[in-house]
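Student: Under our numbering, think of the first position of the sequence shown as 11, with each following residue one higher.
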Amino acid sequence: MRIAVIGSGYVGLVTGACFADLGHQVVLVDIDQAKLAALQRGEVPIHEHFLSELLTRHRDSRLQFSSNLQKAVKECAAVFIAVGTPPTDRGEADLSYVESVARAICGAIGDYKVIVEKSTVPVYTSDWIRKIVARNGTRAEHFDVASNPEFLREGSAVSDFMYPDRIVVGVETERCAAVMQEIYAPLTEGHYYKTAGAIPAPDGAQIPPRLIVTSTKSAELIKHASNAFLAMKISFINAVASICESVGADVQQVCQGVGTDRRIGPRFLSPGIGYGGSCFPKDLMAFRSVARECGYEFGLLDEVMRINEQQRGRFLRKVREALWTLRDKRLAVLGLAFKGGTDDIRESPAILLIQELLHEGCHVTAYDPAAMDRAKEVLPATVEFASSAYDAARDADALLILTEWEEFASLDLPRLRQQLKDAIVLDGRNLYDPAVMAAQGFTYYSVGRPTVIAEAYVAGRSEGKTPR
Ligand code: UDX
Ligand code: UDX
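1) How many angstroms separate the CA atom of residue 325 from the CA atom of residue 144?
2) Between which two residues does the beta strand (DSSP E) harbouring residue 127 extend?
3) State the DSSP-derived secondary structure class of residue 373, mapped to helix, strand or coil.
4) State the Cα-Cα distance for the pair residue 322 and residue 106, rounded to the nearest angstrom.
5) If the criterion is Cβ atoms closer than 9 Å, does the pair residue 111 and residue 154 meet it?
6) Which residue wins for smallest C-alpha separation from residue 133, given the options 205, 330 and 227?
7) Alpha carbon to alpha carbon, how far is residue 149 from residue 286? Give it in angstroms, no decimals.
8) So within the segment 407-475, which uninterrupted beta strand (DSSP E) runs reach at least 3 residues, ignoring any that extend past its ends?
9) Should residue 352 be counted as a contact of ligand 2 given a C-beta to heavy atom distance under 8 Å?
10) Just to confirm, are residue 168 and residue 24 a CB contact at a threshold of 9 Å?
11) Where does residue 284 land, buried or exposed, given buried means 16+ other C-beta within 10 angstroms?
12) Might you give, ordered along the chain, the residues of its own chain that have their beta carbon closer than 8 Å to the beta carbon of residue 22, omitting 5 neighbours on each side?
13) Between which two residues does the beta strand (DSSP E) containing residue 342 stretch?
14) What span of residues does the alpha helix (DSSP H) with residue 246 cover, start to end?
15) Let me check understanding here. Comparing Cα to Cα, which of 229, 225 and 204 lies closest to residue 217?
16) Three or more C-beta pairs under 8 Å: does that hold for the segment 428-441 against the segment 289-308?
17) Under the three-state reduction of DSSP, which class applies to residue 478: helix, strand or coil?
18) I need the straight-line Cα distance from residue 240 to residue 101, nearest angstrom please.
19) Hey, is the segment 191-202 in contact with the segment 259-277, meaning 3+ C-beta pairs nearer than 8 Å?
20) Under a Cβ-count criterion, where at least 16 other Cβ atoms within 10 Å of its own Cβ denotes burial, should residue 9 be classed as buried or exposed?
21) Terminal residues of the continuous alpha helix (DSSP H) containing residue 29?
22) Hey, quick one: how far does the beta strand (DSSP E) through residue 154 stretch, first residue to last?
23) Could you tell me which uninterrupted alpha helix (DSSP H) segments, each at least 4 residues in length, are contained entirely in the segment 279-321, listed from first to last along the chain?
24) Following a CB-centred definition, is residue 143 positioned closer than 8 Å to any heavy atom of ligand 1?
25) Helix, strand or coil: which one does DSSP assign to residue 336?
26) Run through the DSSP bridge pairs and tell me what residue 74 is partnered with.
27) Cβ of residue 42 within 8 Å of any heavy atom in ligand 1?
28) Less than 9 Å between the C-beta atoms of residue 320 and residue 459, yes or no?
29) Are there 16 or more other CB atoms within 10 angstroms of the CB of residue 474, so buried, or fewer, so exposed?
30) I'd like to know if the segment 81-90 and the segment 43-56 are in contact, where contact means that at least 3 CB-CB pairs between them fall below 8 Å.
31) Return the Cβ separation of residue 344 and residue 418 in integer angstroms, given the expectation that the two are a contact with Cβ distance under 8 Å.
32) Identify the residues that DSSP records as bridge partners of residue 394: which are they?
33) If you count every other CB in all the chains shown that lies within 10 Å of the CB of residue 210, and 16 or more means buried, which is it?
34) May I ask you to report which of helix, strand or coil DSSP gives residue 64?
35) Just curious, the alpha helix (DSSP H) that residue 112 is in, first and last residue?
Right under this line is the structure:
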């Protein structure tokens, strides 16, 4: 099928590349000429596993890039809207880009087309798109509007697209349902997975995925409810971590005991400095706002957001507890991205914490495997950037781990301790075992677990040596 994807950002680019790998003919449309030119040159603007292979495989064959929206819509049977839906200052989703794209599509509809919401949008958005398109003179039999929310996690977006737990389509007519079923048939009928070069299956993949066909409003709500529930799970375990700190329990052991209940499950129970990214913060505010518009005060979401904000303040207090005064202290910071495996720093807790530490007068040397270029655009020139974790640690008063990159969980600890002026580590993502850190001579702070003092430090005091 010929498919147009409007918006080639984190969502649109992955969606277009994956549709091409399913065998569809795709036109990726964007208003950002620089982005299109870079894509045409073979550059990959975002850090996503397998994306580069898919773009190389299909560029100039099944995957075209264009800024001509009208032409793309005329040529295609389905038009996916994947433009940004950023939060307004009142916390609502800014749907102005979605509306402008819907208006632009109207002028190009001469025969039946399905207009698909791929961006995360509040419930009722499909009604609005239908109104806009009808008001602009498009005959009702020439279009349908569908909702097809994405559940892509950054860093694993291609795998998440090809091996979803479920594909959700919201439709209002049989004809529209048939188009959406045809688009996803390579996955739901399983033959994609038998093709040579298919993206490899992640552990525990559901093959073939379920296709859930529902109404547009239900599909829109499934997306917001899913993200809100995941964020709630994270804030819940962060709140439990704070109680663990008060009583001297170990939150990782509590997580194990809670997560082994199959009704709860172990995933999204990792305590830390809180969630960030372009989705959870924005989607919770949007869901809160649209619930209020529908007459329901979803106060639970306020608490989820408050706990999330509180996590950074609690971590900052730990830094003070470790270092006493912060002015002019030298801090090595590992992690700038909002999570491991991505270069995205949108709403990154690491960036927000660094800004608070700079405000306290700290000197920061940061390292991140993928996000340093984007971080340089938002952090002041006083922040130094290192070429490795060890380079960042040199002569630092303490080392902070703020993003759960795998490489940060397997550092050469003796080498790290040699680099640091003081062997103090504050781990905002619980990547290490406190007993191991103490045995390796570190004073180690983490989330929801007791602080441990370096055994050597303790030993030094008992043998009368002055600790470093
Ligand atoms: C964003 C949100 O992150 C995601 O939650 C939501 O589901 C979709 O919007 P993302 O791909 O991250 O997805 O947005 P972004 O990276 O900002 O990409 C949006 C793209 O749309 C940009 O490339 C922008 O140039 C393009 N765009 C925006 C258009 O082509 N036309 C417009 O009118 C507006
Ligand atoms: C999320 C949803 O998972 C995805 O389904 C949706 O389509 C988009 O939003 P994403 O934001 O890309 O995906 O990343 P995710 O892996 O969900 O992590 C979000 C944030 O939560 C990150 O800051 C991460 O560090 C944090 N997190 C995640 C935790 O703090 N603890 C956890 O257990 C899991």
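Every residue gets a Cβ at the ideal spot worked out from N, C-alpha and C, and that includes glycine. Quick caveat: nothing in here was measured; it's all calculated off a predicted structure.
Tutor: This is what the structure holds:
1) So the alpha carbons of these two residues sit roughly 52 Å apart.
2) 123-127
3) strand
4) 32 Å
5) no
6) 227
7) 42 Å
8) 408-411, 434-437 and 453-455
9) yes
10) yes
11) buried
12) 15, 16, 38, 40, 90, 92, 93 and 128
13) 340-344
14) 226-257
15) That would be 204, whose Cα lies nearest to the Cα of residue 217.
16) no
17) With a pLDDT of only 39 at residue 478, under the threshold of 50, the placement of this residue in the model should not be trusted, and no figure is reported.
18) If you draw a straight line from the Cα of residue 240 to the Cα of residue 101, it is about 19 Å long.
19) no
20) Lying before the first or after the last residue shown, residue 9 is absent from the chain, which here runs from 11 to 478.
21) Unbroken alpha helix (DSSP H) run through residue 29: 20-31.
22) Note, residue 154: beta strand (DSSP E), 153-157.
23) Along the length of the segment 279-321, whole alpha helix (DSSP H) runs at least 4 residues long occupy 290-303, reported in chain order.
24) no
25) coil
26) 37
27) yes
28) no
29) Residue confidence is low: residue 474 scores 45 on pLDDT, short of 50, so the model does not pin down where it sits. Its coordinate-derived value is still stated next. So residue 474 ends up on the exposed side.
30) no
31) 5 Å
32) Its beta-bridge partners are 375.
33) exposed
34) helix
35) 106-116
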